[in-house]
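*Asks:* First to last, the protein sequences are chains A and B. This note's numbering numbers the first residue of the first sequence as 432 and each following residue consecutively. This note's numbering numbers the first residue of the second sequence as 32 and each following residue consecutively. Every residue gets a Cβ at the ideal spot worked out from N, C-alpha and C, and that includes glycine. Got a structure here, written out as structure tokens. Questions coming.
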Amino acid sequence: MTALFASAATTIDVPHVDYLSILPMVIMLGGAVVLMVASSLVRRILGVSIGTWVAMATSLAALVAALVQWDHVRTHGPSVTVAGAIAFDGFAVFVQVTVAAAMLLTALVGDGYLKREGVEGPEFHVLAMVSASGAMMMGAANDLIVVFLGLEILSIALYVLAAFNHRRPQSGEGALKYFVLGGFSSAVFVYGIALTYGATGTTNLPQIADFLSRNVVASNGVLLGGMALLLVGFAFKVAAVPFHMWSPDVYEGSPSPVTGFMAAVAKAGAFAALLRVFVSSLVTVRVDWQPVVWMLALLSLVLGAVVALTQRDVKRMMAYSSINHVGFILLGVVAASPRGVSASLYYLFTYTFLVVGTFAVISVMGRPGDTGNRITDYRGLARRQPVMALAFAVLLLGQAGMPFTTGFLAKLEVIEASVADQGYTLAAVAMLSAAVAAFFYLRLAVTMFSPVGMEGDLADVGTAAAPGSANLPPVPVAGPADGVASLQVLTDAPPEAAVAARGRVPVPGLTAVAIGTCVAFSVVFGIFPGPVLDFARQATLLLA
Amino acid sequence: MLHVTYLIILLPLVGVGVQLVAGRRLGDPVAGWIGTAFVGASFLVSVGVYLDLLTVHAPVRTFTQDLWTWIPVDRLQVRAALYVDPLAMTMVLFVTGISALIHLYSIGYMHGDRDFSKFFLYLNLFVASMLILVLGNNLVMTFVGWEGVGTCSYLLVAFWFTRDSAASAGKKAFVYNRIGDAGFLVAIFLAYATVHTTDYQVIFAHLSEIGSANITAICLLLLVGVMGKSAQIPLFPWLADAMEGPTPVSALIHAATMVTAGVYLLCRVNPLLHASPSAALTVAIIGAATAFVAATIACAQQDIKKVLAYSTVSQLGYMFLAIGSGAYTAAIFLMVAHAFFKGLLFLGSGSVIHGLHDEQDLKRMGNLRRYLPVTFLTFAVGWLCLAAVPPLSGFWAKGDVLDNTWAAHPALWVVGIVTAGLTAYYMSRLTALAFFGSDRWKAAVPVDAHHDEPGAHHAEGPVGEPHESPWVMTLPLWILAAFAAVAGVMAIPNGQFNLGRWVDPVFGANLYANHLSGTALWVLGVVDAVVAVTFVAVGFHLWSRTAERPPLEGTFLRRSWYVNELYDAVLGRPAQRLAAFCSDVVDSKVVDGAVNGVAGLVKGSGSLLRRTQTGYVRNYVLGIVLGTVFVVGFMLTRLWWA
């Protein structure tokens with residue numbers, strides 16, 4: 432190769448590559464490639480288990496590599512590499528760890544799901560690993576082009592994953608919507624990059640910051656337009672209101688393990704890039720973008736919590752719940768301070784465990800064909816499977832922000848960061864929305880612990896608590912997406928289906944390990960928050 | 032022994048702990064003996080402290096034991112400290128002594144009760160609370176004991192709470208006391224607001240800083256508290272209902288603890304009362320009125336314990352009359368003497384009730400002197416004491432009060448002497464009905480489950496035959512009878528046991544009665560004696576042969592001047608209507624309406640917002656486009672207003 436370049440008339444300046452800085456994503460991609468090549472080399476279809484073990488080994492290796500990176504950054508300080516395209520700082524490493532952990536847990540959960548659904552082959556894990564490497568790249572990206580690259584690697588693999596259960600029509604429908612809307616938002620994002628380049632003459636993030644600090648461009652329309660479009664692109668990826676509409680449909684349609692992965696990894700990658708671009712590069716013009724992010728946060732907090740109340744499908748409810756969480760994480764972005772960054776990172780990290788664990792339970796509870804996702808299907812779970820019900824309750828309470836779970840500290844950190852930046856209104860709204868959100872988490876938890884066959888259905892639990900709304904007419908089912916069974920349909924369900932829904936669901940061993948890990952993490956680090964909090968606080972940005 | 036003063040309180044508290052931990056296991060009667068032992072030990076310590084205090088030079092005969100800082104909040108520094116002076120010492124001695132006897136008596140009385148050990152738990156706590164009240168060196172400490180005795184009285188009056196009447200009597204005692212407590216609390220706040228302390232001695236040292244208006248206000252607010260605790264007009268009806276408790280509880284409440292707390296508190300703050308003549312006059316008038324009203328009610332009651340209950344209210348009225356007349360020593364003298372003979376009378380009536388298998392109706396007794404000789408003999412001592420027949424203690428104590436009243440407020444003396452006649456009359460009526468006349472109890476229905484809980488008492492001998500009580504019950508009777516008879520020695524001038532000389536350092540010796548001539552004192556004494564003997568004779572004559580004299584038992588008196596009905600109509604029912612209004616309208620409509628309204632709003636808006644989720648990609652794209660336009664448009668506005 433070198434000889435080839437040397438003989439060419441023009442020399443190509445090969446940038447120096449610090450391989451340690453990209454080691455986790457190289458490992459991820461490598462694992463995916465090896466698995467895919469291996470599956471094409473053998474004659475028979477590779478078993479799911481092989482894919483699972485390769486994915487687990489790969490994720491573990493990536494995790495270890497990330498920890499080695501952490502040590503390196505701690506001792507040698509942050510640096511840039513690959514011609515300034517990749518940042519090698521604590522922030523990047525933190526994202527690598529988060530994504531690798533999410534990938535590991537998803538591999539465990541996916542194994543049981545794939546076997547139950549009878550999906551053969553290693554493609555699920557290949558795609559997940561590719562997608563994870565995209566998220567890692569977004570976390571380390573130090574150039575808008577690299578951000579876009581990571582975004583596309585992440586997204587395209589996710590489009591396919593969303594459609595993975597081809598026997599389920601909703602899966603394909605959700606994936607198609609995701610693909611169309613995702614392509615649309617990617618186009619907006621690229622346009623944003625172009626405008627930003629036009630305004631600053633570079634796509635390199637430190638250089639943009641440098642440019643902005645040297646030139647007073649307070650009212651540069653091109654830059655403002657670029658920032659607006661970049662924000663829209665990110666807001667779509669993280670599903671912030673009003674760019675969230677895809678997420679309930681996609682969350683509901685996707686296989687449950689994919690939904691968990693999507694909620695954890697896509698958010699981690701997109702938020703990482705959002706934080707790096709806006710809080711470190713565009714921080715000098717933050718008065719321009721802060722109001723927009725403020726509004727996104729406010730809308731996400733309110734709409735996510737309020738609409739989740741009316742959902743009867745657990746996965747849709749979790750979609751809105753994740754929109755609510757996005758609002759919280761945006762609090763840290765609005766604050767635009769080192770404290771806000773570390774609070775957002777901490778939130779992302781702990782949310783990863785909570786949401787992957789939650790969707791692990793949901794994928795188990797879904798039964799073959801993902802049919803058991805109504806909230807009513809969880810009635811009496813505590814009697815049938817007390818351990819799983821307890822684990823799920825802990826995860827839900829963690830999401831609700833119950834003290835002694837990581838969820839509480841995460842909410843506390845972002846709210847504190849917001850208050851420290853005088854964002855009192857947003858902090859107050861966040862707390863109120865947490866109170867509203869607690870209702871639907873607790874409603875699900877209470878359902879699990881209430882006996883089967885009790886008079887009054889889950890919808891009634893809601894109305895019983897709010898008799899004032901009892902006289903409201905039921906919302907007509909509009910369109911295919913909200914084709915949620917009404918109360919009438921539930922009670923008219925054929926008896927054999929009801930009986931089937933009441934039996935125990937088998938819990939695959941690896942899934943149980945994943946759920947246990949998530950619960951243990953959320954409780955242990957909720958009670959002893961020191962290590963993870965310190966980790967997040969030291970995960971500083973290169974420029975911040 | 033002074034430095035172990037804290038033990039006086041600690042010992043009954045340890046008793047509470049023991050009963051709490053092991054009471055049920057110890058059971059009947061061991062738990063009772065242990066409870067008695069702790070209070071008895073507390074009495075012995077008190078005696079030791081008393082002997083030590085005697086060695087201190089009289090004018091400075093006080094001792095403060097500072098235990099720890101209890102409430103250190105900015106300027107509010109409340110110390111957990113005990114204050115011993117002759118007044119407190121007198122209280123401690125008779126509280127512990129009489130309580131110990133009542134504990135002993137209870138071992139017999141409560142024998143066989145299901146909650147035997149719980150009873151002693153409450154009794155110990157009662158005594159401990161009373162001692163905190165007495166020994167506290169500041170208003171807050173006193174208030175702790177004050178609330179403690181209030182709580183214990185509630186627990187003990189409602190001890191047989193499965194009976195509706197007992198449960199509601201307990202509630203009544205509690206509510207009436209709460210009304211008084213509110214006054215006490217405000218008095219504490221006012222004292223703190225003016226002198227920034229709750230310590231008695233500091234307050235007394237800064238009287239001039241408080242100002243006369245504030246002093247009067249504090250006194251009157253304390254009086255409100257005291258009215259509740261000591262059952263004075265208008266807060267007296269609870270004490271009669273408190274008879275629903277087991278008889279030893281009645282004895283404890285009436286003789287040693289609880290009701291005397293109010294008298295003690297007013298004596299404790301005597302410098303305040305002394306500085307406010309109008310407040311003192313109020314106390315005297317309330318006392319006289321209460322004494323008279325309660326005495327008239329006692330004349331017509333049919334329940335042996337109710338007669339005694341109203342007599343207590345009446346005697347407390349005398350004590351207030353004395354305090355209002357500035358005769359604190361007389362009040363304390365009457366309180367101590369009253370503690371002896373009222374304790375004696377209650378325990379005696381308990382013995383009667385016990386012997387008759389829970390019969391409390393005087394009309395169903397009669398001629399019991401034949402069957403309960405010990406009870407009769409000791410009861411007779413109590414009868415003549417309360418009737419103030421010379422030379423028993425009651426004569427000297429009441430005489431002391433009346434002498435001072437004559438000197439201070441002659442008009443109130445008239446009320447006092449009339450009441451003295453009524454007192455002699457109703458006590459003779461009581462004794463004649465119970466112990467003389469024919470054996471009316473034979474005609475009475477079998478006594479099963481008539482009043483006290485079945486199984487609460489054992490039956491000795493044939494059912495329905497009165498029987499004398501066991502020695503644990505009669506021994507306290509003998510001891511109390513002896514003390515009641517000779518307590519008059521405290522009145523002997525310059526004598527070894529002269530109460531006046533002992534407590535004068537606390538009160539100062541400037542009494543109105545000191546200005547009376549020797550002749551006047553003699554005349555007053557003779558008048559007292561004549562009134563007492565005459566009305567004892569009248570009462571005995573009227574009631575020893577027959578139990579039915581309707582003209583003398585008017586409905587108005589039997590219904591206690593319709594006070595209960597009045598309170599019910601004026602306060603009870605309107606309050607209930609208000610509560611019903613709050614519950615039915617305010618809570619269910621306004622509060623719940625607001626809560627449900629918010630929930631409905633959230634849910635409704637959720638439902639509305641959900642409609643935007645159509646499921647069509649074209650709508651979603653439109654949403655994104657609109658959002659983008661909005662964001663870009665908003666950003667570009669920065670061009671103008673940046």
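1) Which two residues bound the contiguous alpha helix (DSSP H) that contains PHE642 of chain A?
2) In three-state DSSP terms, what is GLN346 of chain B?
3) Distance cutoff 7 Å, beta carbons only. Does THR741 of chain A sit that close to anything in chain B?
4) Under 7 Å between the Cβ atoms of THR724 of chain A and TYR778 of chain A?
5) On the DSSP bridge assignment, give the partners of TYR114 of chain B in chain order.
6) Exposed or buried, which one is THR441 of chain A when buried takes at least 16 other CB atoms within 10 Å?
7) What residues are listed by DSSP as bridge partners for THR537 of chain A?
8) Are the beta-carbon atoms belonging to LEU812 of chain A and ALA820 of chain A less than 7 Å from one another?
9) At the level of alpha carbons, what is the spacing between ASP392 of chain B and LEU304 of chain B?
10) Output, in chain order, the set of chain A residues within a Cβ distance shorter than 7 Å of VAL652 of chain B.
11) What residues from the stretch 186-205 of chain B come within 9 Å of chain A, judged by C-beta to C-beta, listed N to C?
12) Identify the contact partners of SER636 of chain B in chain A, using a Cβ-Cβ distance below 7 Å as the criterion.
13) What residues in its chain sit with their C-beta under 6 Å from that of MET879 of chain A, if we drop five residues either side in the sequence?
14) Quick check on this structure: which residue in A:ALA831, A:GLY961, A:MET487, A:ALA463 has the alpha carbon closest to the alpha carbon of LEU941 of chain A?
15) Note down, in chain order, every chain B residue with its Cβ under 7 Å from the Cβ of VAL710 of chain A.
16) What are the residues in the stretch 482-510 of chain A lying within 8 Å of chain B by C-beta distance?
17) Kindly say whether ASP542 of chain A, judged by its beta-carbon, lies nearer than 7 Å to any beta-carbon of chain B.
18) What are the uninterrupted segments assigned as beta strand (DSSP E) that are 3 or more residues long and contained completely in the stretch 409-485 of chain B, given in chain order?
19) Based on the DSSP secondary-structure assignment, which residues constitute the bridge partners of ASP392 of chain B?
20) Are the CB atoms of SER849 of chain A and ARG968 of chain A within a distance shorter than 7 Å?
21) Can you check whether the CB of SER602 of chain A is closer than 7 Å to the CB of GLY684 of chain A?
22) Which residues of chain B have a Cβ atom closer than 7 Å to the Cβ of MET676 of chain A, listed in chain order?
23) Answer yes or no: do VAL255 of chain B and GLY318 of chain B have a C-beta to C-beta separation smaller than 7 Å?
24) Between ASP195 of chain B and PRO277 of chain B, what straight-line distance do the alpha-carbon atoms span, to the nearest angstrom?
25) Please list, in chain order, all residues of the same chain as VAL663 of chain B whose beta carbon is under 6 Å from its beta carbon, the five residues on each side excluded.
26) Please check if any C-beta of chain A sits within less than 7 Å of the C-beta of ALA640 of chain B.
27) I'd like the list of long-range same chain contacts for LEU57 of chain B, defined as Cβ closer than 7 Å, with 5 residues on each side in sequence excluded.
28) Mind the definition here: the stretch 678-696 of chain A touches the stretch 528-538 of chain A only if three or more C-beta pairs lie below 8 Å; say whether that holds.
29) Between the Cα of PHE190 of chain B and those of B:PRO279, B:ILE316, B:VAL217, spot the shortest distance and give me the residue it belongs to.
30) Which same chain residues, not among the five before or five after PHE566 of chain B, have their C-beta less than 6 Å away from its C-beta?
31) Between THR715 of chain A and ALA588 of chain A, what straight-line distance do the alpha-carbon atoms span, to the nearest angstrom?
32) I'd like to know whether the C-beta of VAL662 of chain B is nearer than 7 Å to at least one C-beta of chain A.
33) Under DSSP, the beta strand (DSSP E) around ILE284 of chain B begins and ends at which residues?
34) Using the Cα positions of ALA975 of chain A and MET172 of chain B, report the straight-line distance between them to the nearest angstrom.
35) Run through the DSSP bridge pairs and tell me what VAL104 of chain B is partnered with.
36) I want to verify the contact list: residues of chain B whose CB lies under 8 Å from the CB of LYS608 of chain A, in sequence order.
*Replies:* According to the structure data:
1) Looking at the DSSP string, the run of the alpha helix (DSSP H) that includes PHE642 of chain A is 636-645.
2) Correct three-state label for GLN346 of chain B: helix.
3) With respect to chain B, the C-beta atom of THR741 of chain A has a partner C-beta closer than 7 Å.
4) Before going on, a small fix: residue 724 of chain A reads as Val here, not Thr. Not closer than 7 Å, so no.
5) DSSP, once it has assigned bridges, lists B:THR95 as partnering TYR114 of chain B.
6) Per the 10 Å Cβ criterion, exposed.
7) The partner list for THR537 of chain A (beta bridge, DSSP) is empty, contrary to what the question assumes.
8) Result yes, Cβ atoms of LEU812 of chain A and ALA820 of chain A sit closer than 7 Å.
9) Approximately 42 Å, taken between the alpha carbons.
10) Within 7 Å Cβ-Cβ: LEU612, PHE615.
11) Closer than 9 Å at the C-beta level to chain A, one finds no residue of the stretch 186-205 of chain B.
12) Identification of chain A residues near SER636 of chain B by a Cβ-Cβ cut-off of 7 Å yields VAL737, ordered along the chain.
13) Contacts found: TYR809, LEU812, ALA813, ALA820.
14) With distances taken between Cα atoms, LEU941 of chain A lies closest to A:MET487.
15) Chain order gives no chain B residues near VAL710 of chain A, where near means a beta carbon separation below 7 Å; the closest approach is about 17 Å.
16) If the cut-off is 8 Å between Cβ atoms, the stretch 482-510 of chain A has nothing near chain B.
17) Not one chain B Cβ lies under 7 Å of ASP542 of chain A.
18) As far as the stretch 409-485 of chain B is concerned, it has no whole beta strand (DSSP E) run of at least 3 residues.
19) Beta-bridge pairing links ASP392 of chain B to B:ASP334.
20) No. Outside cutoff.
21) Yes, the Cβ-Cβ distance between GLY684 of chain A and SER602 of chain A is below 7 Å.
22) Within 7 Å Cβ-Cβ: GLN644, TYR651, GLY654.
23) In this structure, GLY318 of chain B does not lie closer than 7 Å to VAL255 of chain B by Cβ.
24) Rounded to the nearest angstrom, the gap between the Cα atoms of ASP195 of chain B and PRO277 of chain B is 15 Å.
25) Here the set comprises nothing.
26) Here residue 640 of chain B turns out to be Leu, not Ala, going by the sequence shown. For LEU640 of chain B, the answer is yes, since a Cβ of chain A falls inside 7 Å of its Cβ.
27) Beyond the five residues adjoining it in sequence on each side, LEU57 of chain B comes within less than 7 Å, by CB distance, of ILE65, SER148 in the same chain, given in chain order.
28) Touching, yes.
29) Of the candidates B:PRO279, B:ILE316, B:VAL217, the one whose C-alpha sits nearest the C-alpha of PHE190 of chain B is B:PRO279.
30) Around PHE566 of chain B, the same chain offers GLY452, ALA455, TYR456 as residues with beta carbons nearer than 6 Å, after the five sequence neighbours per side are excluded.
31) The alpha-carbon atoms of THR715 of chain A and ALA588 of chain A are separated by roughly 35 Å.
32) At least one chain A Cβ lies under 7 Å of VAL662 of chain B.
33) Here ILE284 of chain B belongs to no beta strand (DSSP E), and DSSP marks it neither H nor E.
34) Below a pLDDT of 50, predicted positions are generally treated as unreliable, and ALA975 of chain A, at 49, falls in that range; the measurement from the model is reported next regardless. Cα to Cα, the separation comes out at about 59 Å.
35) DSSP lists B:LEU107 as partners of VAL104 of chain B.
36) In chain order: VAL648, TYR651.
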